[in-house]
Amino acid sequence: MNGRRPDPDQLLTRIKEEEARAARGKLKIFFGASAGVGKTYGMLWAARQLAQQGTDVVIGVIETHGRKETQALVDGFERLPLRDIVHRGMLLREFDIDGALARQPALILVDELAHSNVAGSRHPKRWQDVEELLSAGIDVYSTVNVQHLETLNDVVGRITGIRVGETVPDHVFDAADEVVLVDLPPDELLQRLREGKVYLPQQAERAIQNFFRKGNLIALRELALRRTADRVDSQMIAYRRDRAVAPVWQTRESLLACIGPQTDGDRIIRSAARIATRLDVPWHVIYVETPELQHLGDGRRQRILKNLKLAQDMGAETASLSGSDAVDTIIAYARDHNLAKVVVGRGHRKFRLPWLGSFADRIGRLASDLDVIQVAREDGPSDHGREGPTDSSLLDRLSAPWRSFVMSAVLCTLATLVAMPLHAIFDLANIAMLFLLAVVLAAVRYGLGPAIAASFLNVAAFDFFFVPPRFSFAVGDVQYLMTFAVMLAVGLITAKLTAGLKFQARVARVREQRVRALYEMSRDLSGALMPEQIAEICQRFAEKVFSACAAIVVADDDNQLRHPVDVPGGVPPIDPAICQWAFDHGTEAGCGTDTLAGSPLLYVPLAAPMRTRGVLALQPQDPQRLMAPEQRRLLDTFARLIAIALERVHYVSVAQTTTVQMESERLRNSLLSAISHDLRTPLSALVGLADSLFLTQPPPTAQQAEIAGSMREEVLRMNSQVNNLLDMARLQAGAVRLNRQWQPLEEVVGSATKAMASVLAQHRLSVRLPEDLPLLEFDAVLIERVLVNLLDNAAKYTPSGSLIEVGAAPGARDHIDVWVEDDGPGLPAGREEQIFQKFERGRKESTTPGVGLGLAICRAIVEAHGGNISAGKRANGGARFVFSLPRGKPPLVEVDDEGAIAEEIHW
Amino acid sequence: MKEASPIVIVVEDEAKIRRFVRMSLESEGCQVYEADSVKRGLIETATRKPDMVVLDLGLPDGDGVGLIRDLRTWSDIPVIVLSARTSEMDKVEALDAGADDYLIKPFGTAELLARVRAQLRRRTRAPGSATSILEFGKIRVDFSRRTVERDGEPLHLTPIEHRLLAYLANNADSVLTHRQLLKNVWGPGHVEDAHYVRVYMAHLRKKIEDDPSQPRHILTEAGIGYRFVI
């Protein structure tokens, strides 16, 4: 591979991205180094120019901060009213996303992308509102300060000493279609501040004065410029990739960041994000849960989850893994996912065995092919934050029920009691073994805390009761100190190991239960044939695994959500609006998500391979538990299995319907052909036998011959009635399959007039077809039938000697019109449409034979071809029937002799 | 050209129809043998050395098309097929298998005899007897010199048109399906391009018919193919 050509997969991805992008609205971000540089002003100015060109611009939300120039620009724009939200007794005003979606402007201005919405809004962040506006195809202008970018947030914090809580994920910024840097040199900004052009609220003045120092402003400006330059650079790279300028991208080395329970997890994540952005590579963040980490207190676990969530928001792929050794697990993950760089925090372990080396060293030693990047440790203030959780977690670990401690004390007592009589027989060293056994038993039975307690107790008991001088804590021989130390160490280590093993066994058991539950559910689902059964299985499983009440809402064939499927156990209170939102957007909504987190229910769309089949609504008893990564993974699998089961059930019913249709069609066809055979055979015999009367010897008299002739006529007429009835039955039953072929109209006109030659013998027939008619695609037999019926009608309803004319010409809407006209008495006025009804005839009381199916058949045939048929008056008196056939795209025909034929071929 | 009376085998399961077909054919001087099933039909055709077979497509013990295929492996005697009106596919299949003409039920004596006469005439004329000169209407074709004249004026035909006309003339009075024409004029690679035949047929009609929309020689059998009548 020389890589000259663009990688087709990448191109495909790009094309898909572009398609998705075309339907989306465009996001333009006005980006600045700090407040006061004029972002809002710049945005309004740009919007005003667009508005003058006729674009439909509205203001969604604008914060003018009382600046006069800005306020002046706002006037003249339509402003969407803000939504009033009452939160904790206070009336707050917030951007109204539903109002904006309903208004559907071409462009909407939404200031301050990083803003956090008031609780009770649909999304917690304003940028999420903007995402939804973009998805709806609305263009958005917005503003961002550099300190609000997620990955730069901590850097800015360290420079200025002020850390802002409101951030925008970098991927939002990077995915923006345009970024306009609004730049103002620090001196000018300070000048404007002094002149009071930038308004500062009084209460925050001191903090802000600190912020607006020249050094800060220069640093911020540099950051903003550099970030914009990075963006331009990545655009350049994308451009190169599109044009395949050079084979730069053979491999995509990705980045793996590992976080632990330490407080600096977010630092590692931000660093990794910056590195990944700079390298333009995808990145992963993992957390390895080793058995010892599973003892962690809730606070720390929450922090880990928060960090993983942060990483996800910043565009990383996250996973929480479990393994007995973090290093092995990390290396295995890196190899599996082809990740060549590993980012870890320096001093990742607070407790480190010296021969193992640092965490990074161990990774480096075990996997020499991986690059290991160490991120500096957080210093200063975070250190005291570190101690707190550690203590609490230790407490947490040791806080086994007091009964366990009592029991381990009992174990010690027992060991002492058993050892007492043995003291005379056995050596002291063997007595010590007995105590060790007690520690192991305590660890196995009661866990780590009691086992540690038991170790100390045992050492004390051993000393007190057995080591001379006995019944005193004093130690006669110094060598016993060694015994104590070893005993204590062995006790502690055994306790820890045993407790760890026990814990791992418990984890394995839980995991096994989970897998078994999944297995059982998929087995049950595979037998389900109705949505009700699936809903019931789903409820049972959700109850067992998530301790949640579940229901599914299935979408019908028109992608409309119906009522939740009824199950015996009852259905949680579903909010149809959130449910619909989750279904439409294909993302989770409700409790624990970014969308309408206030709802007590979690709504998970059920995405199957073909389309989204419905929504799973869960009402968890403990929403926090459902947030844990492994639970979410389980929930994903759960939803996926249900979706696939629903899809399967859907296709089962489709297959059943199709089989029934095919069966009924087959039945209809065989019935029709049986009837037609049974009716026609005697008719055929009758015609033939009537004819054969002429052949009898002696020859029939003139009168007999005439009777035989009449018989023949009548039989033939009856035959045509039978044909009409059967045709109508076939056409109505939809049993006619068109055999459409490209052919000249002339052919079928020729065969129809020839077939009607005897009927038309008393009339004058004129055929006028233009030379340049294109080939048309139709079923020759059926269109011949239309023409025959029309000609037959014309012959029937006009006196002999009348003129009957067949013609064709290009008509309206890419159709070709074909007509049959006569100069007879014409149609009864006002019945032009009625005559196409079944069993209608032109003249009710006439003696002209026929039951009036002919025109109904014509209409059915022409409409099956995608044309239409109508009757009217001929220009010079008489009746005129016109039907149209679609032109379509005729195939090309190669000609063997150009000189001779070219000028004759117009199609 | 009345020679020894031609032998015709009628394979038809309806006794009434068989009877009148027999009466008509006998009035024409044919010697008629009847069969009421595919099996009987095969036995009769194998033993009677017939000059023609009149065959109903819907027989109780099988499909008449099978009989035609069987027959065509050892004989090229004319076969006329009797069929219901709506089953175009069956007719095309029978014609592709080697049938020469078809009649739609119900049919009269006159139609039957006209077809039978035409096929018998073709048989007496067929092998080697065809002259290289063919005249119909205002047209005169000299196949050996590859020239066509209309009212004495030379008429230009493209090579394919010429081949088409020659093939039609060779099989005059028989119904030729689109597939047969494509296979024999264009070659086996073109059997699916039915519109080719239609377009060339239209050209040919313009050149040799007086009124192409009311042709007298190249007749269209809708949904099936063409019949060339001299």
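From first to last, the protein sequence lines are chains A and B. When you read off a place in the first sequence, starting at 1, and then add 228, the result is the number in our numbering. When you read off a place in the second sequence, starting at 1, and then add 43, the result is the number in our numbering. No residue lacks a Cβ here, since even glycine has one placed at the ideal position from N, Cα and C.
Query raised in the report: How big is the Cα-Cα spacing for aspartate 955 of chain A and methionine 838 of chain A?
Result: The residue given as residue 955 of chain A occupies position 727 in the first sequence. The residue given as residue 838 of chain A occupies position 610 in the first sequence. Aspartate 955 of chain A and methionine 838 of chain A have their C-alpha atoms some 40 Å from each other.
**Report entry** Local Cβ density within 10 Å of arginine 506 of chain A, reported as buried at 16 or more and exposed below that
**Finding:** Looking up residue 506 of chain A in the first sequence gives position 278. With fewer than 16 Cβ atoms within 10 Å of its Cβ, arginine 506 of chain A is classed as exposed.
Query - Short CB-CB distance (under 8 Å) between aspartate 209 of chain A and chain B - result: Since the displayed chain A opens at 229 and closes at 1135, residue 209 of chain A lies outside it and no answer follows.
**Report entry** DSSP-derived helix/strand/coil call for methionine 758 of chain A
**Finding:** Working through the first sequence from its first residue, we reach residue 758 of chain A at position 530. Correct three-state label for methionine 758 of chain A: coil.
Report task. Use the C-beta contact count for arginine 454 of chain A: other C-beta atoms within 10 angstroms, 16 or more gives buried, fewer gives exposed. Result -> Taking the first residue of the first sequence as 1, we reach residue 454 of chain A at position 226. Its Cβ having fewer than 16 others within 10 Å, arginine 454 of chain A is exposed.
**Report entry** Member of B:Gly180, B:Gly84, B:Val135 and B:Pro121 whose CA lies at the smallest distance from the CA of arginine 164 of chain B
**Finding:** As a first step, residue 164 of chain B must be located in the second sequence, where it is residue number 121. Minimum Cα distance to arginine 164 of chain B is reached at B:Pro121.
Query - Range covered by the alpha helix (DSSP H) that runs through valine 977 of chain A - result: Start at 1 with the first residue of the first sequence, and residue 977 of chain A comes out as number 749. 973 to 983 is the span of the alpha helix (DSSP H), which, as asked, contains valine 977 of chain A.
**Report entry** Spatial distance of aspartate 253 of chain B from arginine 241 of chain B (CA atoms)
**Finding:** In the second sequence, residue 253 of chain B corresponds to position 210, counting from 1. In the second sequence, residue 241 of chain B corresponds to position 198, counting from 1. When rounded, the distance between both Cα atoms is 18 Å.
Report task. Please work out which residues of its chain come closer than 7 Å, Cβ to Cβ, to threonine 88 of chain B, disregarding the five sequence neighbours upstream and downstream, and give them in chain order. Result -> Sequence index remark: in the second sequence, residue 88 of chain B carries index 45 (1-based). A distance below 7 Å between beta-carbons, with the five flanking residues on each side excluded, links threonine 88 of chain B to the following residues of its chain, in chain order: Ile52, Val96 and Leu114.
Query raised in the report: Taking 8 Å as the CB-CB cut-off, is glutamate 245 of chain A touching chain B?
Result: Here residue 245 of chain A refers to the residue found at position 17 when the first sequence is read from its first residue. No, its Cβ sits nowhere closer than 8 Å to a Cβ of chain B.
**Report entry** Three-state secondary structure (DSSP) of glutamate 196 of chain B
**Finding:** Translated into the one-based positions of the second sequence, residue 196 of chain B becomes position 153. Here glutamate 196 of chain B sits in strand by DSSP.
Query raised in the report: From what residue to what residue does the alpha helix (DSSP H) around alanine 902 of chain A run?
Result: Working through the first sequence from its first residue, we reach residue 902 of chain A at position 674. According to the DSSP assignment, alanine 902 of chain A belongs to the alpha helix (DSSP H) that extends over 857 to 920.
Query raised in the report: What first and last residue would you give for the alpha helix (DSSP H) that runs through glycine 677 of chain A?
Result: Counting from 1 along the first sequence, the entry for residue 677 of chain A is found at position 449. Element bounds for glycine 677 of chain A: 676 to 693.
Query raised in the report: Apart from the five residues on each side of it in sequence, which residues of its chain come closer than 6 Å, Cβ to Cβ, to alanine 404 of chain A?
Result: Position 176 of the first sequence, counting from 1, holds the residue named residue 404 of chain A. Hits under 6 Å: Leu255 and Ile257.
Requested in this report: Output the residue ranges of the alpha helix (DSSP H) runs that lie fully inside the region 718 to 806 of chain A and measure 4 residues or longer, sorted by chain position.
Outcome: 759 to 773
Query raised in the report: My guess is that glutamate 55 of chain B and aspartate 94 of chain B are in contact by the Cβ rule of under 8 Å, so how many angstroms apart are they, rounded?
Result: Taking the first residue of the second sequence as position 1, residue 55 of chain B is located at position 12. Taking the first residue of the second sequence as position 1, residue 94 of chain B is located at position 51. Their Cβ separation, rounded to whole angstroms, is 18 Å, which puts glutamate 55 of chain B and aspartate 94 of chain B out of contact at 8 Å.
**Report entry** Reduced DSSP secondary structure (H/G/I, E/B, other) of glycine 1052 of chain A
**Finding:** Walking along the first sequence from the start, residue 1052 of chain A turns up at place 824. Three-state result, glycine 1052 of chain A: coil.
Report task. Output yes if chain B places a C-beta closer than 8 Å to the C-beta of tryptophan 1047 of chain A; else output no. Result -> For the purposes of this step, residue 1047 of chain A is identified with residue 819 of the first sequence, where counting begins at 1. Chain B, which has no Cβ nearer than 8 Å to the Cβ of tryptophan 1047 of chain A, makes this no.
Query raised in the report: Of all the CB atoms in chain A, is at least one closer than 8 Å to the CB of threonine 167 of chain B?
Result: For the purposes of this step, residue 167 of chain B is taken as the residue at position 124 of the second sequence. Not a single CB atom of chain A sits nearer than 8 Å to the CB of threonine 167 of chain B.
Requested in this report: Pull up the distance between the alpha-carbon of glutamine 1064 of chain A and that of phenylalanine 922 of chain A, whole angstroms please.
Outcome: Position 836 of the first sequence, counted from the first residue, corresponds to residue 1064 of chain A. Position 694 of the first sequence, counted from the first residue, corresponds to residue 922 of chain A. Glutamine is not the amino acid found at residue 1064 of chain A; the sequence shown has phenylalanine there. Looking at the two C-alpha atoms, the distance is approximately 40 Å.
Query raised in the report: Run through DSSP, which three-state label would glycine 1082 of chain A get?
Result: Numbered from 1 along the first sequence, position 854 holds the residue referred to as residue 1082 of chain A. Correct three-state label for glycine 1082 of chain A: helix.
Requested in this report: Would you verify that the beta carbon of glycine 230 of chain B is, or is not, closer than 8 Å to some beta carbon of chain A?
Outcome: If you number the second sequence from 1, residue 230 of chain B lands on position 187. With 8 Å as the cut-off, glycine 230 of chain B does not count as an interface residue toward chain A.
**Report entry** Inter-residue spacing [alpha-carbon to alpha-carbon] between aspartate 619 of chain A and glycine 527 of chain A
**Finding:** Position 391 of the first sequence holds residue 619 of chain A. Position 299 of the first sequence holds residue 527 of chain A. Low confidence applies here, because aspartate 619 of chain A scores a pLDDT of 38, under 50, leaving its location unreliable; read the following figure in that light. Roughly 12 Å between the two C-alpha positions.
Query raised in the report: In this structure, does DSSP put proline 202 of chain B in helix, strand or coil?
Result: Taking the second sequence and counting its residues from 1, one reaches residue 202 of chain B at position 159. In this structure, proline 202 of chain B counts as helix in the three-state DSSP scheme.
Query - CB contact below 8 Å: glutamine 257 of chain B versus chain A - result: For the purposes of this step, residue 257 of chain B is taken as residue 214 along the second sequence, with counting starting at 1. Interface residue, yes.
**Report entry** phenylalanine 271 of chain B: contacting residues in chain A (beta-carbon distance under 9 Å)
**Finding:** As a first step, residue 271 of chain B is located in the second sequence; it is residue number 228 there, counting from the start. Those within 9 Å of phenylalanine 271 of chain B in chain A number zero; the least Cβ separation is about 14 Å.
Query raised in the report: In the structure shown, what three-state DSSP assignment does glycine 105 of chain B receive?
Result: Stepping through the second sequence from its first residue, residue 105 of chain B is reached at position 62. Strand.
Query raised in the report: Expressed to the nearest angstrom, what Euclidean distance is found between the alpha-carbon atoms of alanine 702 of chain A and aspartate 691 of chain A?
Result: The count along the first sequence starts at 1 and reaches residue 702 of chain A at position 474. The count along the first sequence starts at 1 and reaches residue 691 of chain A at position 463. Looking at the two C-alpha atoms, the distance is approximately 8 Å.
Requested in this report: Keeping to the same chain, check which residues put their C-beta closer than 8 Å to that of alanine 825 of chain A; ignore five residues upstream and five downstream.
Outcome: Locating residue 825 of chain A in the first sequence gives position 597, where the first residue counts as 1. For alanine 825 of chain A, where only same-chain residues beyond five positions count, the Cβ hits under 8 Å are Pro352, Gly818 and Cys819.
**Report entry** Residue from B:Leu211, B:Gly230 and B:Asn227 with nearest C-alpha to histidine 260 of chain B
**Finding:** Mapped onto the second sequence, residue 260 of chain B falls at position 217. Of B:Leu211, B:Gly230 and B:Asn227, the residue nearest in Cα terms is B:Leu211.
**Report entry** Alpha-carbon spacing of isoleucine 780 of chain A relative to leucine 362 of chain A, whole angstroms
**Finding:** Locating residue 780 of chain A in the first sequence gives position 552, where the first residue counts as 1. Locating residue 362 of chain A in the first sequence gives position 134, where the first residue counts as 1. If I take the Cα positions, the gap works out to 29 Å.
Report task. Work out the CA separation of proline 678 of chain A and methionine 635 of chain A for me, nearest whole Å. Result -> By one-based count along the first sequence, residue 635 of chain A stands at place 407. By one-based count along the first sequence, residue 678 of chain A stands at place 450. Those two C-alpha atoms are separated by around 8 Å.
**Report entry** Of the residues A:Leu538, A:Arg502, A:Ala501 and A:Gly493, the one placed nearest valine 516 of chain A, counting alpha carbons only
**Finding:** In the first sequence, counting from the first residue as 1, residue 516 of chain A sits at position 288. In terms of Cα proximity to valine 516 of chain A, the closest of A:Leu538, A:Arg502, A:Ala501 and A:Gly493 is A:Gly493.
**Report entry** Below-8 Å beta-carbon distance, valine 218 of chain B vs any chain A residue
**Finding:** Residue mapping note: residue 218 of chain B aligns to position 175 of the second sequence, counting from 1. Cβ-Cβ to chain A under 8 Å: no for valine 218 of chain B.
Requested in this report: May I ask you to verify whether the region 733 to 746 of chain A touches the region 717 to 724 of chain A, counting CB pairs closer than 8 Å and requiring at least 3?
Outcome: no
Query - Enclosing beta strand (DSSP E) for phenylalanine 1109 of chain A [first to last residue] - result: Translated into positions along the first sequence, residue 1109 of chain A becomes position 881. Taken as a continuous stretch (DSSP letters only), the beta strand (DSSP E) holding phenylalanine 1109 of chain A covers 1107 to 1114.
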